[in-house]
Every structure is written in structure tokens, then in C-alpha cells.
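Written below as C-alpha cells is the structure these notes are about.
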Amino acid sequence: MEIKIEPMSQSDLEKSAELTLEAFGKQGLGEPWTLDTARKHELEVFNTKYSYKATEGGKTVGVIVALPVTYELGTELFIDTIAVAKDKRGRGIGKILWEKAAENAKQKGLVGVRLLGNPKLRSFKWYQKEFGMHPSGWVELTNHF
Ligand SMILES: CC(C)(COP(=O)(O)OP(=O)(O)OC[C@H]1O[C@@H](n2cnc3c(N)ncnc32)[C@H](O)[C@@H]1OP(=O)(O)O)[C@@H](O)C(=O)NCCC(=O)NCCS
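Sequential numbering of the sequence shown, starting at 1, is according to full-length UniProt numbering.
Here it is in C-alpha cells:
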């Protein structure tokens, strides 16, 4: 079936939260996400001008949730979430979502793409091989109260 790429709206965030949970929750990467924390996260980072969904037969099968953030060389597209449904991976959907979001960002005058990768995920090498991404040198630190 044909894959369509369309801008995301707020009503797509439920699906985006489900895909986040599937990719990074207990059944995926193994982090303790819940549908509730995934919903909040997606709502906080969502920007309709920079985020896209992939649909197949009217069903959302992948999302890229991204927003513009300014760094030392100008405003970049920060990709917060890129996730494709487990049974749809490896068919090029992630690539077309990425290309659409990057092309849109370029048209809007943004100067690059940035994201947080995780070496435990296959996507970590994929970004570097497929899209020429490279480690920035910054390492994310966190602490919980
Ligand atoms: C990363 C992801 C969005 C790519 O989407 P996709 O539609 O599968 O990607 P494409 O088919 O365009 O590209 C193939 C790449 O996707 C990844 N991929 C392919 N099949 C996969 C699978 N069954 N499981 C996990 N990753 C897969 C691989 O990195 C692959 O590249 P490789 O074959 O060189 O290793 C998707 O696989 C996914 O949702 N993975 C889990 C979530 C994730 O890692 N998100 C990024 C976090 S920073």
C-alpha cells in the first residue's frame, strides 16, 4: 500500500505517544515510559510546522516530531521523536519521514539537523551512514529528585 507523508496536527499526538511507548518503553528500548508520560512528552515538544506523520491506508505508521532550536551556528531542526511501527520498520518509511522533515527545515532557512542518539539502538549507526550525522561531542546528563 502507498505511504503518504502529511503534516502532523495535535490530534495525531495520541498515536505519536503510542509509537514512543512501543519504541522506547518496556517492549522496545526498555525505558519505563507509560502512555501518560509519552503523551506529555509529545505534547511538550510538538511543533506542527516541523512534524510529519506517515500513513498507510489511512493509518498512521510512523512519526517525526521535531522543532526548531537555535545553537551556535544558527537555528537547527531538533528531531525529538522518530519512530515507525514495529511491523513496518525496514521499508524506507523512516527515511522518507526524515527527508521530508529535513527538506521542510531547509526551505524554512534552518541550518542543520540535531538529535539525541542512543548507541544501544540500530538507528544510532543508521543516522551516521544514511544522513551523514556525527557526534557533536556533547553528552546528555540527568539526575532525578
Ligand atoms: C529508526 C526508525 C525510525 C527507522 O525507520 P524505518 O522505517 O525502519 O527505517 P528505514 O526502513 O528507512 O531504514 C532502515 C533502518 O532502520 C532501522 N531498522 C530497520 N529495520 C528495523 C527493525 N526491524 N527494528 C529496528 N530498526 C530497524 C535500521 O537502523 C535500518 O538501517 P540498517 O539496516 O542500516 O541498520 C525505526 O526503525 C524505529 O522506529 N526504530 C525504533 C525507534 C528508534 O530507534 N528511534 C530513533 C531513536 S533516536
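Where is the CB? At the ideal position from N, CA and C, for every residue including glycine.
Between the region 102–109 and the region 9–26, do three or more beta carbon pairs fall short of 8 Å? no
List the DSSP bridge partners of R114. Partner(s): F78.
Compare the Cα-Cα distances from V113 to each of K120, Q27 and E103 and report the closest residue. E103
Under 6 Å Cβ to Cβ from T60, same chain only, skipping five residues before and after it: list those, please. K15 and K53
Near ligand 1: G58 beta-carbon under 7 Å from a heavy atom: no
Sort out for me which residues DSSP pairs Y52 with in a bridge. P7 and I64
L35 classed as buried or exposed, judged by whether at least 16 other C-beta atoms fall within 10 angstroms: exposed
Quick check on this structure: which residue in L29, F78 and A38 has the alpha carbon closest to the alpha carbon of N47? The candidate whose alpha carbon is nearest that of N47 is F78.
Identify which residue in K86, T55, E44 and S136 has its Cα closest to the Cα of E6. T55
By a C-beta neighbour count over all protein chains shown, 10 Å radius and 16 as the cutoff for buried, is S123 buried or exposed? buried
Backbone secondary structure at T70 - three-state DSSP: strand
Opposite V84 in the DSSP bridges: which residues? Here V84 is bridged, per DSSP, to G62.
Does DSSP put S16 in a helix, in a strand, or in coil? In the structure shown, S16 sits in a helix (DSSP, three-state: H, G or I).
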